[in-house]
Amino acid sequence: MEYTLKVLSVAPVTHDVHRIRLEKPEGFSFTPGHVADVSVNKPGWVNEKRPFTFTALNSEPYVEFTIKCYTDHDGVTKQIGQLQAGDELIVSDSWGAIEYKGEGYFIAGGAGITPFIAIFRQLHKDNKIGNNKLFFSNKTAADIIYEEELKQLLGNNAIYIVTKESDPGYRHDYINEAFLQKEVTDFVNSPFYICGPDAMTAAITDILVKNGASADTVVFEK
Numbered sequence: 001m002e003y004t005l006k007v008l009s010v011a012p013v014t015h016d017v018h019r020i021r022l023e024k025p026e027g028f029s030f031t032p033g034h035v036a037d038v039s040v041n042k043p044g045w046v047n048e049k050r051p052f053t054f055t056a057l058n059s060e061p062y063v064e065f066t067i068k069c070y071t072d073h074d075g076v077t078k079q080i081g082q083l084q085a086g087d088e089l090i091v092s093d094s095w096g097a098i099e100y101k102g103e104g105y106f107i108a109g110g111a112g113i114t115p116f117i118a119i120f121r122q123l124h125k126d127n128k129i130g131n132n133k134l135f136f137s138n139k140t141a142a143d144i145i146y147e148e149e150l151k152q153l154l155g156n157n158a159i160y161i162v163t164k165e166s167d168p169g170y171r172h173d174y175i176n177e178a179f180l181q182k183e184v185t186d187f188v189n190s191p192f193y194i195c196g197p198d199a200m201t202a203a204i205t206d207i208l209v210k211n212g213a214s215a216d217t218v219v220f221e222k
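For the sequence shown, the UniProt record's numbering gives the first residue as 1, with consecutive numbering after it.
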């Protein structure tokens, strides 16, 4: 099913990421970590559907997406970044493979953090954040999405890695086999949640399985 939803607000999160809040249909719900197919309700864009992750909780009175907007070409995300209150998005029912399966390790690259936002917010609301650990890699500190909120939710278990600069407040590193062997205490029994560029997801999945993780405990969008 599809819903045509009015934009309530558009706000910057980082220099190229926007938070979009929409009117919420009665009875609409989703599983934290899941996505919807979204298109812009403007001529020429209605059929240009892209998957984006819900970031607000079901308990909120609005639907929310947090979207990285690419302005170097006239694509869907550039159109989304230009939205104003009163414009409309067409949103499908939710779907997806990423959902919470127990305390473990979350590994995100850039905008790949977005499926984990609602999961962490829901766990925090339910007082079940536990010892979940986040490894969040970005090119620069300016690219980190919801940095302060993630620190509040996870405390010292939110570990930020930057790859393109050396900043004393962040780890200058790469999430590779050496990094994971140092940081992960249990490859065999821990769930792993991965979201980022396809090449990153594939490489990290291979490393985890090589080090004893079961394919059944590695969660990513297929």
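Ideal Cβ positions, reconstructed from N, Cα and C, are used throughout, including at glycine.
Fill in: Classification of Gly-169 by the beta-carbon crowding that lies within 10 angstroms, buried from 16 upward
exposed
*Taking the alpha-carbon positions, what's the Pro-61 to Gly-33 distance?*
Going from the Cα of Pro-61 to the Cα of Gly-33 covers about 18 Å.
Inset, instruction - Could you name each continuous alpha helix (DSSP H) segment of 4 residues or more that falls completely within the stretch 124-187, going from the start of the chain to the end? - result: 147-154 and 177-183
- So which of Glu-183, Phe-187 and Glu-26 has the shortest CA-CA distance to Ser-59? Checked all of Glu-183, Phe-187 and Glu-26; the closest Cα to Ser-59 is Glu-26.
ask   = How do the stretch 204-211 and the stretch 180-189 stand: do at least 3 beta-carbon pairs fall below 8 Å, yes or no?
value = Yes: the two stretches touch, three or more of their Cβ pairs being nearer than 8 Å.
Based on Cα-Cα distance, which residue from Pro-43, Tyr-3 and Phe-54 lies nearest to His-18? Phe-54
Query raised in the report: Taking C-alpha atoms, which residue in Ile-159, Ser-94, Ser-29 and Glu-88 lies nearest to Phe-52?
Result: Among Ile-159, Ser-94, Ser-29 and Glu-88, the Cα nearest to that of Phe-52 belongs to Ser-94.
Q | Coil, strand or helix - Leu-115 by DSSP | A | Checking the sequence shown, residue 115 turns out to be Pro, not Leu. It is helical.
- Item | Residue from Gln-122, Ile-145 and Thr-140 with nearest C-alpha to Ala-56 | For Ala-56, the nearest C-alpha among the options comes from Gln-122.
Closest to Val-7 by C-alpha separation, out of Thr-163, Glu-148 and Gly-86, would be which residue? Gly-86
*By the 10 Å Cβ neighbour count, where 16 or more other Cβ atoms means buried, how is Thr-185 classified, buried or exposed?*
exposed
Fill in: Presumed contact (8 Å Cβ cut-off) between Ile-175 and Ile-204, rounded CB distance
Confirmed, Cβ separation roughly 6 Å.
Smallest Cα separation from Val-10: which of Ile-161, Leu-22 and Glu-2? Leu-22
Problem set entry | Opposing strand residues paired with Ile-107 [DSSP bridges] | The partner list for Ile-107 (beta bridge, DSSP) reads Phe-135 and Ile-194.
Q.
With the cut-off set at 7 Å, would you say Glu-103 and Asn-127 are in Cβ contact?
A. Result no, Cβ atoms of Glu-103 and Asn-127 do not sit closer than 7 Å.
Open item on the list: By alpha-carbon positions, which one of Asn-41, Ser-29, Asn-157 and Thr-201 ends up nearest to Ile-90?
Closed with: Asn-41
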